[in-house]
Every structure is written in C-alpha cells, then in structure tokens.
Amino acid sequence: MKKTLTLAGSDSSGGAGIQADLKTFQEHQVYGMTALTSIVSMAPENWSHQVTPIEVATVEKQLKTILSVGIDAMKTGMLGSVDIIELGAREIKAHGIDKVVIDPVMVCKGDDEVLQPENTDAMRELLLPLATITTPNLFEAGQLAQTGPLKTIDDMKHAAEKIIALGAQNVVIKGGKALDHDKAIDLFYDGKEHTILEHEKIHTNYNHGAGCTFAASITANLANGKTVKEAVISAKDFVHEAIKHGWKLNQFVGPVKHGAYNDK
Ligand code: PXL
2 MKKTLTLAGS DSSGGAGIQA DLKTFQEHQV YGMTALTSIV SMAPENWSHQ
52 VTPIEVATVE KQLKTILSVG IDAMKTGMLG SVDIIELGAR EIKAHGIDKV
102 VIDPVMVCKG DDEVLQPENT DAMRELLLPL ATITTPNLFE AGQLAQTGPL
152 KTIDDMKHAA EKIIALGAQN VVIKGGKALD HDKAIDLFYD GKEHTILEHE
202 KIHTNYNHGA GCTFAASITA NLANGKTVKE AVISAKDFVH EAIKHGWKLN
252 QFVGPVKHGA YNDK
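FYI, in the numbering used here the residues of the sequence shown are 2 to 265.
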C-alpha cells in the first residue's frame, strides 16, 4: 500500500482540509497520514471561520512520526504560519521527498483578501522550489506570480510561467468556473507546454472542499505511480464528479461528495 502525508488544517465541517484529504486518499486506495497545522471552526450563527493554530513544536512531532514511517507522496494545505512553512520546507529537504503537491491555500472560499501576506511570501520562496506541482486557483496564482487578478487564458499562461520561474516543476491553475468562459478551464504547465483542460461548467454552490480534494487526488495518483500530467488529468475527472454530486450540509455550506467518482 502506498503511503501519503497531508500537512494541512482541520475543517471541522468535514468537507475541506485534512478531512477532504483522508476521504480522497481512501478513494484512491492509499494510506493517509496527517500532520495537523491548524483547526478551523465555524460560528453556528453565520458560519464565519475561526482558525486556531497548532504550535509548531506539535506540528514537528507529527511530522517526525510520519516521516519515520516513510511516505510515497505528500501534499500541503492550510499552513497557518511562516514557522510551519519553514518547518515543512526543512523536512521535505531533509527526507528528500520528491513527490510534493503544494496547494497554496491562502483564504477559504468567498474571502478574497489574503489574511497573512507573509505566508504567501514564505510559500513562494521556500515551498515552490520544492514543489513537484502546485495547484493555485485564479486568485492564488495571481498572488504567487505577483501579476494581479487573472482574467483570461493568456493571463493564466503568463502567471504559470512566472510560477515555474519561482522553482515549481509543474503548475495547474484552477480557472474552474471563475474564468469568464463557457467552459470550466484549468491550465497545466510543465515548463515546456501549456495544456488547457476543459470541462463542462457545473452550476452549484455546493463545492466546498473541491480544491483540497483535487490536490489530494493528484497526491494519491503520484504515490500510485502516475506521471504528473496523468495525475492531474485523472484528478480533474475525480473532482468533477465530486462537485457534480455536491450536497447541502446546512444553510451555509455544501461539501463536494468525495466518493462520487468511484460510485459511478
Ligand atoms: O478550502 C480551503 C480550506 C483548506 N483547509 C481548511 C479549511 C478550508 C476552508 O474552509 O477549513 C482546514
């Protein structure tokens, strides 16, 4: 059985974060392990998010446990602080981990302001050079590439090139339904060739956890021996089904259905 690590936050509501990662790993028949960086809870009256950070020494102990076992691939999600980003980068290097998916989580859905700009700088400088692939959405790609908002496919290509110049080996920018286009467009770039991935747009608000699920699927696919491009294309199909079967958890949030692809 292949082994995977997620270094990420806990989404108490179960749709995103390590909960999404573990559910997705399970669907891919890989063994998931978790190093928790923060705990996100939601206010029952308006679902505003509250992030409780985990002390860096506690994160380090979790990583030591997991890396003593050994892993085939890993991903990062919500990291919470520069100290945790530095720790993650240090451990990736010390253990020579060579299948690394960096999901540069900056904000939760709906918010469009980066809460901790210093985290973005640290991700850019310390984690992107170690990334087998990074999976920003449009907003995150604009932040990492320092290009400002991305509005067109050409903007996405330009940002992808800047992100590769920062040291990531591959990037997939999730345009999704946010781009002004009649299809959902994602752009994969390996430093040589741009590949446009097109899917039917799914008109739903029940897509909480889609980004985490996509990155976790890529991670599992890499652990299972797929090439990076195969891993991305297959993960896109996986998350497309998950979004298609998104469902209403309560009046505020609807998670993707992580297992929808295998239920087909
Ligand atoms: O979807 C981004 C995200 C990532 N990680 C955690 C989260 C969220 C959004 O809610 O809670 C832990």
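Just so it is clear, CB atoms sit at the ideal spot from N, CA and C, and this is done for glycine as well.
Whole-number beta carbon distance between residue j and residue i, since they are thought to touch under 8 Å
i	j	result
Tyr32	Lys4	5 Å
His241	Thr25	With a Cβ gap of about 13 Å, His241 and Thr25 do not count as contacting.
Ile93	Val83	Wrong, their Cβ atoms sit about 16 Å apart, outside the cutoff.
Val52	Gly16	About 16 Å separates the two Cβ atoms, so there is no contact after all.
Local Cβ density within 10 Å of residue i, reported as buried at 16 or more and exposed below that
i	result
Gly111	Confidence in Gly111 is poor, its pLDDT being 48 and thus under 50, which makes the residue's placement too unreliable to answer from.
Gly97	exposed
Glu141	buried
Asp73	buried
Pro256	buried
Asn171	buried
Asn120	buried
Lys193	exposed
Gln147	exposed
Distance cut-off 8 Å: residue i Cβ against heavy atoms of the ligand PXL
i	result
Val106	yes
Ile19	yes
Ala160	no
Ala9	yes
Gly286	A question about residue 286 goes unanswered here, because the residues of the chain that appear run from 2 up to 265.
His209	yes
His259	no
Ser218	no
Ile49	Per the sequence presented here, residue 49 reads as Ser, with Ile not at that position. Not under cutoff, so the answer is no.
Gly1	The question about residue 1 has no answer, for the chain in this structure spans 2 to 265.
Ser82	no
Leu240	The sequence shown places Val at residue 240, rather than the Leu named in the question. Val240: no, Cβ never under 8 Å from the ligand PXL.
Val41	yes
Asp12	yes
Which listed residue (the options) has its alpha carbon closest to that of residue i
i	options	result
Arg91	Thr53, Pro105 and Lys65	Lys65
Ile174	Lys184, Ala166, Asn225 and Ile134	Ile134
Ser49	Val108, Leu128 and Phe239	Val108
Ala179	Ile203, Ile19, Phe215 and Gly18	Ile203
Lys169	Asp181, Gln144, Gly15 and Ala132	Sequence check: residue 169 is Ala here, not Lys. The residue with the shortest Cα to Cα distance from Ala169 is Ala132.
Thr153	Leu188, Ile165, Lys163 and Phe239	Leu188
Ile85	Gln51, Leu127, Gly71 and Tyr262	Leu127
Ala211	Ala261, Met34 and Gly143	Ala261
Ile197	Ala216, Val233 and Phe253	Val233
Ile55	Phe239, Ile67, Glu28 and Leu37	Leu37
Leu129	Lys245, Lys158, Gly89 and Ala95	Gly89
Practice prompt. Would you check if there are 3 or more beta carbon pairs closer than 8 Å linking the stretch 214 to 229 to the stretch 4 to 19?
Written response: yes
Practice prompt. Determine contact between the stretch 207 to 215 and the stretch 245 to 258, defined as no fewer than three beta-carbon pairs at a distance below 8 Å.
Written response: yes
Fill in: Three CB pairs or more closer than 8 Å across the stretch 138 to 155 and the stretch 227 to 244
no
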